[in-house]
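Q:
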Amino acid sequence: MSESLFADASKRLEKALAYVPISEDTLKRLKYPKASLTVSIPVRMDDGSLSIFQGYRVRYDDTRGPGKGGVRYHPSVSLDEVQSLAFWMTFKSALLNLPFGGAKGGITVNPKQLSKQELERLSRGYIEAIADFIGPDVDILAPDVYTNEMIMGWMMDHYSIITRRISPAVVTGKPITMGGSQGRTSATAMGAYYAISAILPKFSQLPAQTTVAIQGFGNVGAILAELLAKVGYKVVAVSDSQGGIYAEHGLDIPSVRQYKNAGGSMKAVYCDKSVCNIVEHRLITNAELLALDVDVLIPAALENQITEANANDIQAKFIFEVANGPINSAADQILEKKGIHVFPDILINAGGVTVSYFEWVQNRSGLYWNLTEVNERLKGKMAEETERTWKISQEFGVSMRTAAYIHALNRLGEALDAKGTRDYYVNQL
Ligand code: NAD
Numbered sequence: 010m011s012e013s014l015f016a017d018a019s020k021r022l023e024k025a026l027a028y029v030p031i032s033e034d035t036l037k038r039l040k041y042p043k044a045s046l047t048v049s050i051p052v053r054m055d056d057g058s059l060s061i062f063q064g065y066r067v068r069y070d071d072t073r074g075p076g077k078g079g080v081r082y083h084p085s086v087s088l089d090e091v092q093s094l095a096f097w098m099t100f101k102s103a104l105l106n107l108p109f110g111g112a113k114g115g116i117t118v119n120p121k122q123l124s125k126q127e128l129e130r131l132s133r134g135y136i137e138a139i140a141d142f143i144g145p146d147v148d149i150l151a152p153d154v155y156t157n158e159m160i161m162g163w164m165m166d167h168y169s170i171i172t173r174r175i176s177p178a179v180v181t182g183k184p185i186t187m188g189g190s191q192g193r194t195s196a197t198a199m200g201a202y203y204a205i206s207a208i209l210p211k212f213s214q215l216p217a218q219t220t221v222a223i224q225g226f227g228n229v230g231a232i233l234a235e236l237l238a239k240v241g242y243k244v245v246a247v248s249d250s251q252g253g254i255y256a257e258h259g260l261d262i263p264s265v266r267q268y269k270n271a272g273g274s275m276k277a278v279y280c281d282k283s284v285c286n287i288v289e290h291r292l293i294t295n296a297e298l299l300a301l302d303v304d305v306l307i308p309a310a311l312e313n314q315i316t317e318a319n320a321n322d323i324q325a326k327f328i329f330e331v332a333n334g335p336i337n338s339a340a341d342q343i344l345e346k347k348g349i350h351v352f353p354d355i356l357i358n359a360g361g362v363t364v365s366y367f368e369w370v371q372n373r374s375g376l377y378w379n380l381t382e383v384n385e386r387l388k389g390k391m392a393e394e395t396e397r398t399w400k401i402s403q404e405f406g407v408s409m410r411t412a413a414y415i416h417a418l419n420r421l422g423e424a425l426d427a428k429g430t431r432d433y434y435v436n437q438l
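For what it's worth, the numbering used here labels the leading residue of the sequence shown as 10, then goes sequentially.
1. Give a single yes or no on whether Thr197 has its beta carbon closer than 8 Å to a heavy atom of the ligand NAD.
2. Identify the continuous beta strand (DSSP E) that holds Tyr82 and give its terminal residues.
3. Which class does Met10 belong to by DSSP, given the choice of helix, strand or coil?
4. At the level of alpha carbons, what is the spacing between Leu236 and Gln371?
5. Is the beta carbon of Gly192 closer than 9 Å to that of Val351?
6. Quick one: give me the first and last residue of the beta strand (DSSP E) that Lys428 is part of.
7. Strictly closer than 6 Å from CB to any heavy atom of the ligand NAD: give me those residues in the order they appear in the chain.
8. Using DSSP with H/G/I as helix, E/B as strand and the rest coil, what is Leu105?
9. Check Asp17 in the structure and name its three-state DSSP category.
10. How far does the alpha helix (DSSP H) with Tyr28 in it reach, from first residue to last?
11. If we ignore side chains and look at the alpha-carbon of each, how far apart do Ile355 and Gln267 end up?
12. Output the distance between the C-alpha atoms of Ala138 and Gly64, rounded to the nearest integer angstrom.
13. Taking one C-beta from the region 151-160 and one from the region 180-200 each time, how about it: are there three or more such pairs within less than 8 Å?
14. State the start and end residues of the unbroken alpha helix (DSSP H) segment that holds Val229.
15. What distance in whole Å lies between the Cβ atoms of Ile293 and Ala320, which are believed to be in contact at a cut-off of 8 Å?
16. By the DSSP assignment, the beta strand (DSSP E) with Phe62 in it spans what residues?
17. Quick check: the Cα distance between Ser408 and Ser402, rounded to an integer number of angstroms?
18. What distance in whole Å lies between the Cβ atoms of Thr395 and Ala207, which are believed to be in contact at a cut-off of 8 Å?
19. Is it buried or exposed for Thr47, if we count other Cβ within 10 angstroms and need 16 for buried?
20. Taking the alpha-carbon positions, what's the Ala339 to Asp17 distance?
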């Protein structure tokens with residue numbers, strides 16, 4: 010096997026270690042996931058046949074609190090990918106100072122090929138298989154690529170059936186009527202928006218003078234495109250798995266969303282009721298989108314989109330990683346040499362886990378917040394941790410990615426030490 014995603018992900022940790030006085034025991038602990046579960050999920054298909062799907066749940070670390078992480082449905086899901094995502098979640102929770110560890114789950118499936126009933130049976134089957142591994146105080150689920158609040162609702166319901174008690178706090182990103190939080194669907198995009206709004210003024214980059222290209226027009230990418238366009242950024246290109254569209258003077262994002270949500274492909278179409286007009290734009294591939302001459306590039310789809318194979322083609326000045334792991338470590342070095350500012354996933358997309366935390370708190374207290382309260386709290390957290398990470402990057406003269414790992418490692422190291430590493434005991438005696 011070529012170098013695994015996980016081996017590449019771990020390299021980020023090693024770079025930060027030069028700046029953090031961390032004990033050997035702590036480092037050893039952080040190199041391995043705490044627990045990994047692989048399950049086979051039998052699903053009765055609509056035609057009466059039986060299909061078996063592979064599912065995974067990895068709890069990487071729970072020193073700072075229960076495991077926390079999304080569930081992904083995608084044909085390329087593997088144990089290596091889930092483990093890498095769980096590793097990133099560990100650092101993300103620590104970076105945002107949430108009382109959670111890191112976990113992740115996934116099923117190897119193309120959900121677009123399943124009926125809604127098959128999808129429900131698969132989601133309930135997954136919970137059946139992992140029920141003993143999760144729980145509100147153990148490991149908490151959330152949505153990720155190709156999973157949504159409907160699926161989270163089924164999962165929470167099924168866990169409650171198995172445990173014979175209503176357990177809303179075991180799954181976040183649920184429908185509001187089942188204990189979901191206001192603002193969870195938009196949380197990741199909103200968090201990225203708050204971080205971008207805090208960072209770009211440091212470079213005197215004003216919205217009206219900033220062109221933006223976004224790869225991935227899903228839950229996060231589409232909402233973020235709309236938030237940015239609303240305050241004056243010129244979103245000139247967006248894409249999905251089939252390809253993208255480009256318009257030099259900017260796209261009307263609400264129209265693109267409306268057309269896409271109605272089951273259409275990526276098109277710059279302005280619809281007023283049943284009357285639709287196509288607006289001048291050109292079709293581009295995902296590779297072309299990544300190489301556009303724009304100010305800001307936002308990968309919001311999958312991992313490994315920018316590697317040593319295409320890093321030299323990138324022309325953007327700033328990259329905000331909304332997807333998890335869109336840039337590999339070899340590409341990181343090339344981008345750094347080119348003077349491109351990269352803002353890392355564990356900071357930029359942390360709005361999702363932050364509002365998941367708010368949802369968990371609301372479920373456990375039984376007191377629910379309104380949208381303004383949720384967004385105010387989210388803004389506060391994102392602004393605070395973005396600023397702290399920025400200061401670390403300035404102090405040590407390191408990239409924002411290394412600064413984010415330094416910041417998270419300090420918190421993780423303290424928690425692991427407090428549980429009793431060799432250094433901790435030596436220093437206490
Ligand atoms: P989603 O399923 O809603 O959207 C994914 C989008 O990516 C879709 O538009 C899809 O067509 C597109 N896509 C898939 N393969 C592609 C390819 N090869 N090239 C271009 N586009 C492609 O998923 P999402 O929830 O928006 O998640 C997107 C990214 O954000 C993922 O990396 C996810 O891990 C990360 N993320 C999501 C959340 C969350 O709360 N949903 C939180 C943190 C991080």
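For every residue, glycine included, the Cβ atom is placed at its ideal position computed from N, Cα and C.
A: With the structure as the only source:
1. It does: the Cβ of Thr197 is within 8 Å (strictly closer) of some heavy atom of the ligand NAD.
2. Boundaries of the beta strand (DSSP E) harbouring Tyr82: Gly76 to His83, taken from the DSSP string.
3. At Met10, the pLDDT of 34 sits below 50, so the modelled position is not reliable and the matter cannot be decided from this model.
4. Spanning the two alpha carbons is a distance of roughly 26 Å.
5. Contact flag unset, no.
6. Counting along the chain, Lys428 falls outside any beta strand (DSSP E), and DSSP gives it neither H nor E.
7. Per the Cβ criterion, the list is Pro152, Asp153, Val154, Tyr155, Thr197, Gln224, Gly225, Phe226, Gly227, Asn228, Val229, Gly230, Ser248, Asp249, Ser250, Asn295, Ala309, Ala310, Leu311, Val331, Ala332, Asn333, Asn358 and Gly361.
8. In this structure, Leu105 counts as coil in the three-state DSSP scheme.
9. Reduced to three states, the DSSP call for Asp17 is helix.
10. That residue, Tyr28, is in no alpha helix (DSSP H); it is neither H nor E in DSSP.
11. Each residue's Cα considered, the two are about 30 Å apart.
12. Going by the C-alpha atoms only, they are around 9 Å apart.
13. Yes, since at least three Cβ pairs between the region 151-160 and the region 180-200 fall closer than 8 Å, the two stretches touch.
14. Run containing Val229: Asn228 to Lys239, per the alpha helix (DSSP H) assignment.
15. The C-beta separation of Ala320 from Ile293 comes to about 19 Å, leaving the pair out of contact by the 8 Å criterion.
16. Leu59 to Asp70 is the extent of the beta strand (DSSP E) around Phe62.
17. Answer to the nearest angstrom: the Cα atoms are 6 Å apart.
18. The pair is a contact, with the Cβ atoms about 5 Å apart (cut-off 8 Å).
19. Result: exposed.
20. Rounded to the nearest whole angstrom, the C-alpha separation of Ala339 and Asp17 is 9 Å.
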